[in-house]
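Taking it in order: structure first as structure tokens, then the write-up.
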Amino acid sequence: MDDGRTATTQAPRAADGRVPGKRGRATRQRLLDETRQLLGNVSFRDLKVVDISRSAGTSPATFYQYFADVDAAVLSLVEEMVDEGSDELRALVVDPDWERPEAAAGLADGFLGFFDRHASMLRVVDLATTEGDERFRGQRVRLLNGVFLALRDLAEQAEAAGRLSSGVAPGAAAAILTTMLAHVSAHQPGFATWGIERDALAETMATLIDWTVGAASPSE
586 MDDGRTATTQ APRAADGRVP GKRGRATRQR LLDETRQLLG NVSFRDLKVV DISRSAGTSP
646 ATFYQYFADV DAAVLSLVEE MVDEGSDELR ALVVDPDWER PEAAAGLADG FLGFFDRHAS
706 MLRVVDLATT EGDERFRGQR VRLLNGVFLA LRDLAEQAEA AGRLSSGVAP GAAAAILTTM
766 LAHVSAHQPG FATWGIERDA LAETMATLID WTVGAASPSE
């Protein structure tokens, strides 16, 4: 079955389409590394080419040899994250034994941890998606699509076993669980201001997941 993932791993290209040599690839990577670092402290829309170039010890002219603008550099970083992250998140669903409650706990905790590690990049994806940038929206879909499809499979299995509550559609259940995992994981700092700690988020999400697609799924 098609899991909806499309790898973007290919030789990096310069802004004019050519494939850089060894030194060019090193320069390009340095620019990306500095972009990632700066995004931890500077808002995406406040980040300038001159800031990245200065931090990388090079010039704006060199930056433009590899990227058309800041958005293009950040999109490259997002694509790298999604190439690895889509597999990582999907594995949280497909690898565990869902007859055990630990499966749901691992899925919830794994999502929270992934969004912790990639918080600055995921904030960019959310901002650009909200602004209507289809490039970033597509990457968000690619990141989560494998999770949705795997959860839908689990929901269909729960339905066939009579564990899915009557009136609950497997696709809708998978969509809601995927949205819950992503949204809650992305807003952990906000929940903390309400006095809701990470452990409570993880435990509550795990319970809801287990009720829906796990061994604890109710039959009525």
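Counting in this note's numbering, the sequence shown tops out at residue 805, every number present.
Using N, Cα and C, we set each Cβ at its ideal position, and we do this for glycine too.
On a predicted model such as this, the values are computed, not experimentally measured, just so you know.
Exercise. With a CB to CB cut of under 8 Å and the five nearest residues on each side skipped, what residues in its chain are close to Ala767?
Worked result: Phe696, Phe700 and Leu729
For this session: Within its chain, find whatever has a CB closer than 6 Å to the CB of Ser705; leave out the 5 residues flanking it on each side and keep chain order.
Result: Leu624 and Gly625
For this session: Go through its chain and collect everything with a Cβ distance to Gly799's Cβ below 7 Å, but skip five positions before and after it.
Result: Trp683, Pro686, Ala688 and Ala689
Problem set entry | Range of the contiguous alpha helix (DSSP H) that encloses Trp796 | Going by DSSP, Trp796 is part of the alpha helix (DSSP H) stretching over Arg783 to Val798.
Exercise. Taking just the CA atoms, how far does Asp654 sit from Gly731?
Worked result: 30 Å
Exercise. Would DSSP call Phe652 helix, strand or coil?
Worked result: coil
Problem set entry | Cβ neighbour criterion (16 or more within 10 Å) applied to Arg608 | exposed
Problem set entry | contact_flag[the region 645-652, the region 612-624] where n(CB pairs < 8 Å) is 3 or more | yes
Problem set entry | Proximity to Leu739 [Cα-Cα], best of Thr612, Arg722, Val726 and Ala760 | The shortest C-alpha to C-alpha distance from Leu739 to any of Thr612, Arg722, Val726 and Ala760 is the one to Ala760.
Problem set entry | Residue environment, Gly780, which counts as buried when at least 16 other CB atoms sit within 10 Å | exposed
For this session: Decide if Val635 is buried, meaning its Cβ has at least 16 other Cβ atoms within 10 Å, or exposed.
Result: exposed
For this session: Check the C-beta distance from Leu712 over to Phe652 and give it rounded, since I have them as a contact under 8 Å.
Result: Their Cβ separation, rounded to whole angstroms, is 19 Å, which puts Leu712 and Phe652 out of contact at 8 Å.
For this session: Measure the C-alpha to C-alpha separation of Arg737 and Gly642 and round it to an integer number of angstroms.
Result: 48 Å
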